[in-house]
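Have a look at the structure below, then the notes.
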Amino acid sequence: MAKSEVKLLGAWPSPFVLRARIALNIKSVDYEFLEETFQPKSQLLLQSNPVYKKIPVLIHENKPICESLIIVQYVDDVWSSGGPSILPADPYDRAIARFWATYVDDKLFPAMKSIAGAKGEEERKRLIKEVEEGLALLEDAFNKITSKGNNKLFFGGDQIGYLDIAFGSLLGWLRVTEITTGVKLFDQVNTPGLANWAERFCAHAAVKDVMPHTHKLLEFAKTLMTKLAPI
Amino acid sequence: MAEDCGEVQFFGVGGSPYARRVQIALKLKGVKYTYFEEDLRNKSELLLKYNPIYKKVPVLVHNGKPLAESLVILEYIDENWNKNYAILPQHPYDKAMARFWAKFIDEKCIPTVVKAAWTIQNEEREKAIQEATEALQFIENELKRYNHKFFGGDTIGLVDIAASFIAYWLPLLEEAADLTLLTVDKFPNLHKWSQEFTNHPVVKDNLPPRNGLLGFYKARYAALK
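As you go down the protein sequences, you meet chains A and B in turn.
Start counting the first sequence at 212; every next residue gets the next number (the numbering used here).
Start counting the second sequence at 22; every next residue gets the next number (the numbering used here).
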């Protein structure tokens, strides 16, 4: 497929954009990455995602697809023969993967994101606890899901799948959160299953070249905080 | 339907639009199930066991395996009982669009409408109504663009089922909470679609009784004022 037929509008720090990139890599799709400028938002972004005006946007055959998890499923459907299946084969396993991916977006990510802007120590502690509880649930889910099959490498089995992508895309920002809060969220003591999974995920061929380095994300976060801090 | 569905249990609440989505989907597919009506002030042991994370309805349990979150359940119903009545479109792009609008209804339409209904302070209410109007306008435009009987084309699909809140619950909220939102001049397509949807043979038998829901909303509004 010609490279120009597939475009991904995104930004390097975004975990949601990372999801789309990993999915496209798994399927060996040749695509053009367009780094969104913001300030102001580009015409392309406003036209292709008028509802949310957010990245990522996948543009395929001139048609835009928005929302990262919807993009991942679209890539899985369209380029089904390009690489291993991203969603599991069994309908129940698919539903479980979707459930946890939605949990990551609805609960885990918002809690994690809010820590930096927390008003006061109590709220900060409450949010950190929420993230810790969320990770404990995912550790439990990881153990349950991997105990079913022979392959205990990833949520998706021996290959990374939908939930690996949905959750793994947050790893960079989770590491940044550990550094800025001084709290170990993710380690051999608290989440041994996930700690090992995280290493394998980040080393995976479809992930390692597109996963942003933690120190770069940290610098980016510091710049953001400076911009947002009240004068 | 002759196909053996296995053991299907469905936990819901009569007035919940999310639970009714699952009910409509099960009926469209002809799936036999046992229904458990929950009392949300006194949740059953089974509900807490099957949905420990959110402790909410709807919950679907198929051969002992539980699922929560209505849109997740709808896709499961469609994929598992896939021999008849497609709820999601076949084409990947159409499928992506259906998922997009269903999600938009949950993230924007329903919360903004609910907020508008239950906000009493005038200025805040006006602002909430404005947000709800903007959200609904996107949905109105989608109907206008494709000009089909339903979001799913000739038959009801994922987006129609997700939008059941707009067709049935929203007008009741308008009546109970003195809210003017879905006017026919601003939303002619949504009005027409609502009529078609609520008169659909499967849908109309699977909506909660009007008076009960209206009474519940009126009491709530009176308590707020």
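No residue lacks a Cβ here, since even glycine has one placed at the ideal position from N, Cα and C.
The structure presented is a predicted model; accordingly, all values stated were derived computationally and were not measured.
query	result
Given 8 Å, three or more beta-carbon pairs between the region 217 to 236 of chain A and the region 274 to 288 of chain A	yes
Start-end ranges of the beta strand (DSSP E) lying completely within the region 394 to 427 of chain A, minimum 3 residues	none
Beta-bridge pairing of A:Lys-274 - partner residues as DSSP gives them	A:His-271
Residues near B:Phe-57 by beta carbon distance below 6 Å, same chain, minus five either side	Phe-32
Within-7 Å CB hit, B:Ala-23 to chain A	Caution is warranted here: a pLDDT of 46 is assigned to B:Ala-23, below 50, making its placement in the model unreliable, and the coordinate value is therefore given only provisionally. Output row for B:Ala-23: interface = no.
Residue ranges of each alpha helix (DSSP H) within the region 367 to 398 of chain A, 4 or longer	373 to 379 and 382 to 392
Uninterrupted alpha helix (DSSP H) stretches inside the region 62 to 112 of chain B (no shorter than 4 residues)	66 to 71 and 91 to 101
Alpha helix (DSSP H) runs wholly inside the region 100 to 176 of chain B, at least 4 long, in chain order	113 to 125, 131 to 139 and 143 to 167
Coil, strand or helix - A:Lys-324 by DSSP	helix
Residues that A:Arg-309 contacts on chain B, provided the C-beta gap is smaller than 9 Å	Glu-90, Leu-92, Val-93, Glu-96 and Tyr-97
Cβ neighbours of B:Met-22 in the same chain (closer than 7 Å, five flanking residues each side left out)	Residue placement at B:Met-22 is poorly supported in this model, since its pLDDT is 45, which falls under 50; the coordinates are not used for a value here.
CB contact below 7 Å: B:Phe-159 versus chain A	yes
Residue environment, A:Met-436, which counts as buried when at least 16 other CB atoms sit within 10 Å	exposed
Members of the region 54 to 65 of chain B near chain A, C-beta cut-off 8 Å	none
7 Å Cβ cutoff, A:Tyr-373 in contact with chain B	no
Whole-angstrom C-beta distance between B:Val-224 and B:Ile-45, which should lie under 8 Å	6 Å
A:Gln-250 (DSSP reduced to helix, strand or coil)	coil
Whether A:Gly-294 touches A:Lys-218 by CB criterion (7 Å)	no
Short Cβ contact (7 Å threshold) for B:Leu-203 with B:Leu-193	no
Chain A residues whose Cβ lies nearer than 7 Å to that of B:Ile-187	Residues of chain A passing the Cβ test: none, with the nearest at roughly 16 Å.
Per-residue burial, B:Tyr-75 [other beta carbons within 10 Å of its own, 16 or more giving buried]	exposed
Coil, strand or helix - B:Gly-33 by DSSP	strand
Best match in A:Ser-358, A:Met-422, A:Lys-433 and A:Ala-327 for proximity to A:Thr-392 [C-alpha to C-alpha]	A:Ala-327
is_contact[B:Glu-100, chain A] using C-beta, thresh 7 Å	yes
Beta-carbon proximity check, B:Val-78 vs B:Glu-59, cutoff 7 Å	yes
Per DSSP, cross-strand counterpart(s) of A:Val-217	A:His-271
A:Ile-297 vs A:Gly-372 beta-carbon contact at 7 Å	yes
Partners in chain A for B:Phe-125, counting only beta-carbon separations shorter than 8 Å	Val-262
Collapsed DSSP secondary structure at A:Thr-437 in the structure displayed	helix
Cα-Cα separation, B:Tyr-71 to A:Leu-346	20 Å
Residue from A:Glu-389, A:Leu-374, A:Lys-427 and A:Ala-432 with nearest C-alpha to A:Trp-408	A:Leu-374
Sequence-distant residues of its chain with Cβ nearer than 6 Å to A:Ala-417 (five each side left out)	Ile-233, Asn-236 and Ile-237
Contact list for A:Val-387 against chain D, beta-carbon separation under 7 Å	Of the protein chains in this structure, namely A and B, none is chain D.
Buried versus exposed, by CB contacts within 10 Å (16 or more), A:Lys-427	exposed
Own chain partners of A:Phe-365 with C-beta closer than 6 Å, once the 5 adjacent residues on each side are dropped	Ile-371 and Asp-375
Contact with chain B by A:Thr-313, beta-carbon distance below 7 Å	yes
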